[in-house]
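Colleague: Got a structure for you, questions after.
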Ligand SMILES: Nc1ncnc2c1ncn2[C@@H]1O[C@H](COP(=O)(O)OP(=O)(O)OP(=O)(O)O)[C@@H](O)[C@H]1O
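Numbering (the working numbering), first residue to last: 191 to 509.
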């Protein structure tokens with residue numbers, strides 16, 4: 191799959207008077223390739239080129255385009271990657287998008303506790319915006335959360351997004367599955383109808399867990415057959431082994447330090463448990479997450495305050 195994009199030639203696309211030409215290969219997903227696009231006005235953008243094929247019909251790509259275009263028009267706070275335009279030709283459909291420097295996945299190993307909180311907050315505000323517009327993303331993951339060079343988090347990839355008629359709307363579980371690692375447990379029950387919005391909330395919980403662990407190796411899938419997940423959902427995971435095998439967890443490093451850090455740690459673990467709740471009817475909602483202590487506690491200030499005691503450690507003082 192290394193050279194998957196090399197042979198694809200995309201014709202220049204003009205959007206709002208700017209002519210974009212194909213640049214270097216960035217990456218690929220299940221159905222398409224992503225390229226840098228160089229604008230005639232010296233700006234840069236992205237071409238996301240998708241072939242129409244089984245599992246990726248023209249209708250599906252057009253739905254992605256329309257949802258993403260409509261959200262772009264409404265997004266006054268810059269919480270999603272901008273959809274700039276689209277071109278249809280015999281070889282497929284090319285979306286023209288705002289360029290991001292990195293994915294959240296690519297910066298994971300360098301995150302500080304304060305950045306963990308900052309990116310999680312941005313994610314929750316972004317998902318709140320989507321849900322207000324009656325859109326469920328259904329594929330939130332570290333790779334679909336992009337970072338602009340000034341450190342702004344933006345939500346991308348609306349290929350699996352759903353337009354909802356009501357906030358209570360249910361759909362077949364099979365229609366809502368994105369990356370299995372981020373899928374809520376109810377999605378693994380075949381033939382089930384599921385409420386759609388709590389699926390996004392669950393994915394946000396997995397992202398939070400991974401940000402804090404600075405790793406994407408928590409359980410692989412929240413299935414009844416996965417022993418790690420079974421232990422979690424049956425409440426047999428105590429606080430001390432909450433992070434089984436994750437001695438790198440940055441929030442855990444708070445624990446033995448001052449009382450503010452201790453509070454931040456407890457708020458954090460409590461929130462993860464409220465979001466990654468097996469029963470979707472008891473799972474924390476986006477509104478509840480926003481009012482949670484972990485949102486209010488100032489992680490940056492907590493670390494700064496205890497910094498005097500720990501200043502000898504460059505690692506700790508880097509918040
Ligand atoms: N706007 C963008 N700016 C910069 N890089 C991007 C942008 N959009 C996507 N990418 C990069 O291209 C890669 C492929 O993106 P794409 O959306 O096609 O697939 P994916 O999200 O990785 O997988 P899938 O579509 O199968 O869920 C992403 O992992 C990301 O690194």
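For glycine and all other residues, C-beta sits at the position ideal for the given N, C-alpha and C.
As the structure is a prediction and not an experimental result, all values here were calculated from the model.
1) Regarding residue 346 and ligand 1, is the C-beta to nearest heavy atom distance less than 7 Å?
2) Please list, following the chain, all residues that have a C-beta closer than 6 Å to any non-hydrogen atom of ligand 1.
3) Going residue by residue through the region 202 to 274, where are the continuous beta strand (DSSP E) segments of at least 3 residues, counting only ones entirely within it?
4) Expressed to the nearest angstrom, what Euclidean distance is found between the alpha-carbon atoms of residue 287 and residue 426?
5) Taking the runs of the beta strand (DSSP E) that are 3 residues or longer, which of them lie wholly in the region 335 to 420?
6) Closer than 6 Å by C-beta to residue 408: which residues in its own chain qualify, once you throw out the five before and the five after it? Chain order, please.
7) Take residue 285 and list the residues in its own chain whose beta-carbon comes closer than 7 Å to its own, dropping the five residues that flank it on each side.
8) Got a sec? Which residues, its chain only, sit under 8 Å from residue 298 by beta carbon, not counting five neighbours each side?
9) Flag this pair as touching only if the region 473 to 488 and the region 452 to 461 have three or more C-beta atom pairs under 8 Å; answer yes or no.
10) By DSSP, does residue 480 sit in helix, in strand, or in coil?
11) Would you mind reading off the limits of the alpha helix (DSSP H) that contains residue 198?
12) Using a 10 Å radius around the Cβ and a threshold of 16 neighbouring Cβ atoms, would you call residue 249 buried or exposed?
13) Using only CA atoms, which one of 197, 221, 236 lies nearest to residue 209?
14) State the DSSP-derived secondary structure class of residue 291, mapped to helix, strand or coil.
15) What's the call for residue 197, buried or exposed, on a 16-neighbour Cβ count within 10 Å?
Modeller: In brief:
1) For the purposes of this step, residue 346 is identified with residue 156 of the chain shown, where counting begins at 1. Yes.
2) 216, 217, 218, 219, 220, 222, 224, 236, 238, 271, 287, 288, 289, 290, 293, 329, 333, 334, 336, 346, 347, 349
3) 203 to 205, 208 to 218, 222 to 229, 234 to 240
4) For this step, residue 287 is matched to residue 97 along the chain shown. For this step, residue 426 is matched to residue 236 along the chain shown. Answer to the nearest angstrom: the Cα atoms are 45 Å apart.
5) 335 to 337, 343 to 345, 360 to 362, 383 to 385
6) If you number the chain shown from 1, residue 408 lands on position 218. Result list for residue 408: 399, in chain order.
7) In the chain shown, counting from the first residue as 1, residue 285 sits at position 95. Only 238, 255, 273, 276 meet the Cβ criterion.
8) Here residue 298 is taken as the residue at index 108 of the chain shown, counted from 1. Excluding residues within five positions, the ones whose Cβ falls inside 8 Å are 332, 400, 401, 404, 405, 406.
9) yes
10) Indexing the chain shown from 1 puts residue 480 at position 290. Correct three-state label for residue 480: helix.
11) As a working note, residue 198 is residue 8 in the chain shown. Looking at the DSSP string, residue 198 is not in any alpha helix (DSSP H), and its letter there is neither H nor E.
12) One-based indexing of the chain shown puts residue 249 at position 59. Exposed, by the Cβ-count rule.
13) Within the chain shown, the letter at position 19 stands for residue 209. The shortest Cα separation from residue 209 among 197, 221, 236 belongs to 236.
14) Within the chain shown, residue 291 is the residue found at index 101, counting from 1. DSSP places residue 291 in coil when its eight states are reduced to three.
15) To locate residue 197, count along the chain shown from 1; it is residue 7. The residue in question, residue 197, is exposed, as its Cβ has fewer than 16 Cβ neighbours within 10 Å.
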